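Student: Please see the structure below; I have some questions.
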Amino acid sequence: MPLRAKVASSVSRTAAALSRAAGRGDGSVIGGWIGLKIDPDLLAHLSAGRAIALVSGTNGKTTTTRLSAAAVGVLGRVATNSFGANMPTGHTSALAKAGSTPYAVLEVDEHYLAQVLEATEPHVVALLNLSRDQLDRAKEVAMMAQLWRAALVRHTDVRVVANADDPMVVWAATPPADPAQGVRPPHVTWFSAGQRWHDDSWVCPECGSTIQRSGEQWWCSGCPLRRPDAQWTVEDDGVLDPTGAWHKVTLQLPGKVNLGNAATALAVAAEFGVRPVDAVSRLHTVTSVAGRYAQVDRDGRNIRLLLAKNPASWLEAFDMADEAPTLLSINARDPDGLDTSWLFDVDFAPLRGRQVLITGDRAYDLAVRLDVNGVPFQHVRAFGEAVRAVPPGRLEVIANYTAFQDIRAELDRVN
Ligand SMILES: [Zn+2]
């Protein structure tokens, strides 16, 4: 690396370490910020010589990044931003901290994908899904798909691993070839991870006609856009690879959603030459990810934490949660987005018949929504009150970002 980059990298590591020592989080944002101030090209310098995978999408990227890093780890050391700091400051910090590694797997905020593609020149980019998120801040889904598509046109060498079940992702991953401009069609490997949430992909991003669905298939009623055949699919409790071989996947993470994330991770690792048969056992080593899916025993209750930040991830959380008493907690602080009207996009009917408790800064918004949805509930002012209000046994907790962090803090920052 050039001298300036070496200095920037060293200062970045020191700043992150100081921030950690001061108890101000894991320091990855401040460390990366200072490093990039000293050398604006630091992320590119730190990426040079590494084989990199980027993982982006609205939901599941932290978990899929962790699973992919475990799978690629078959080959050697892997740098990764495992604390979910998924903007260029976080990537810079993660690579500086890891030192020299042959591989890196980086979670990327979907808004930053173009910028991070440019800086890191990855070998693989995994595109998981696109759905509405943080209404007061995030881009419209179709705009996001357009940005991804435009970014991929400039990087036709990157190998794309993409979700065949999400029409917006399929469209983003398949920009038209333009030989006159030197634009080749991208190399895409399709996986099927399912799509529970359809409400951001009823309209074709190519032509504006309606998207039709039947079973797992989908197609545009006005143009050739349709679901491609997936080479990696979930079947029963395992994953089918492109050769047709089935691999049993045993995870410590719940739900079919995470089997889909495992299929994605195996597909990403395969792009580096990792055989699924070698990677599959490593997926079992991934436990909770920054508190997500963590289980804590307290006062005879087994408390499980599920993070859900937007309508699509709430549907997935209902799918993962057991039929057990459930605490829902909603805040609307800056990291959550200030607008809670998305609660009306979520159908809470799957919770009928369960004991439902609500809490959080915006519990009353949730109360109105549940009342309209015909789901009986009980309001509690504090987490401890919720624990006392349910019988011994499982308590599922579904919370959005800062509400989740609050409860995690109550449980002594469980990982
Ligand atoms: Zn169309």
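The numbering of the sequence shown is full-length UniProt numbering, which starts it at 1 and goes up by one.
Ideal Cβ positions, reconstructed from N, Cα and C, are used throughout, including at glycine.
Being a predicted model, the structure only gives us computed values, none of them experimental.
Which first and last residues belong to the beta strand (DSSP E) in which L357 is found?
Tutor: Unbroken beta strand (DSSP E) run through L357: V356 to T359.
Student: Less than 8 Å between the CB of G374 and some heavy atom of ligand 1, yes or no?
Tutor: Not under cutoff, so the answer is no.
Student: I'd like to confirm the pairing. Which residues does DSSP put opposite Y103 in its beta bridges?
Tutor: For Y103, which the question treats as bridged, DSSP gives the partners A51 and V78.
Student: Can you say whether S214 is buried or exposed, counting buried as having 16 or more other CB atoms within 10 angstroms of its CB?
Tutor: Per the 10 Å Cβ criterion, exposed.
Student: Quick check: does the Cβ of S201 come within less than 8 Å of any heavy atom belonging to ligand 3?
Tutor: This structure lacks ligand 3; the ligands present are ligand 1.
Student: Tell whether a beta-carbon distance below 9 Å holds between L328 and I358.
Tutor: Yes.
Student: Roughly how many whole angstroms lie between the Cα atoms of P228 and A21?
Tutor: So the alpha carbons of these two residues sit roughly 49 Å apart.
Student: For ligand 1, I want to know if E206 counts as a neighbour, meaning its beta carbon is within less than 8 Å of at least one of the ligand's heavy atoms.
Tutor: For ligand 1, at least one heavy atom lies less than 8 Å from the Cβ of E206.
Student: Name, in chain order, the residues that DSSP records as bridge partners for A126.
Tutor: Beta-bridge pairing links A126 to V55 and V161.
Student: Rounded to whole angstroms, what is the Cα-Cα separation between A114 and H247?
Tutor: Near 34 Å, if we compare the C-alpha coordinates of H247 and A114.
Student: Here's a check: name, in chain order, each residue in its chain whose Cβ is nearer than 8 Å to the Cβ of residue 431, leaving out the five neighbours to either side.
Tutor: Limits of the chain in this structure are 1 at one end and 415 at the other, which puts residue 431 out of reach.
Student: Start and end of the beta strand (DSSP E) containing H155?
Tutor: Note, H155: premise wrong, no beta strand (DSSP E); not H, not E.
Student: Can at least three beta-carbon pairs, one atom from the segment 175–193 and one from the segment 146–156, be found at a separation below 8 Å?
Tutor: Enough Cβ pairs lie closer than 8 Å, so yes.
Student: Do you know how far the Cα of M87 is from the Cα of Y112?
Tutor: If you take the alpha carbons of Y112 and M87, they lie about 7 Å apart.
Student: Is it the case that the segment 164–173 contacts the segment 297–314, given that we only count it when at least three CB pairs across the two stretches are under 8 Å?
Tutor: No, because fewer than three Cβ pairs between the segment 297–314 and the segment 164–173 fall closer than 8 Å, the two stretches do not touch.
Student: A263 and V289 look like a contact to me (Cβ under 8 Å); what is the Cβ gap, rounded to whole Å?
Tutor: Not a contact, Cβ separation roughly 17 Å.
Student: According to the neighbour-count rule (16 or more other Cβ atoms, all chains shown, within 10 Å of its Cβ), is Q195 buried or exposed?
Tutor: The residue is buried, with at least 16 neighbouring Cβ atoms inside 10 Å.
Student: Indicate the three-state DSSP secondary structure (helix, strand or coil) for V108 in the structure shown.
Tutor: Correct three-state label for V108: strand.
Student: When the Cα of S341 is compared with those of G300, A367, H198 and R226, which residue comes out closest?
Tutor: Out of G300, A367, H198 and R226, A367 has the C-alpha closest to the C-alpha of S341.
Student: To which residues does DSSP link W246 through a beta bridge?
Tutor: In the DSSP output, where bridge partners are listed per residue, W246 has L240.
Student: So, with DSSP's three-state summary, where would you put A230?
Tutor: In the structure shown, A230 sits in coil (DSSP, three-state: anything other than H, G, I, E or B).
Student: Comparing the CB of G35 with every heavy atom of ligand 1, is any distance shorter than 8 Å?
Tutor: Answer for G35: no, Cβ out of range of ligand 1.
Student: Could you name the residues that DSSP lists as bridge partners for G393?
Tutor: Looking at the DSSP assignment, G393 forms a beta bridge with R301.
Student: Starting from the N-terminal side, write out each stretch of the beta strand (DSSP E) that is 3 residues or longer and does not extend beyond the segment 326–367.
Tutor: Qualifying beta strand (DSSP E) stretches, in chain order: 326–329 and 356–359.
Student: Regarding G222 and ligand 1, is the C-beta to nearest heavy atom distance less than 8 Å?
Tutor: The answer is yes for G222.
Student: Just reading off the beta strand (DSSP E) that T189 is part of, what are its end residues?
Tutor: Element bounds for T189: H187 to F191.
Student: So R213 is in the beta strand (DSSP E); what residue range does that whole segment cover?
Tutor: That run of the beta strand (DSSP E) goes I211 to S214.
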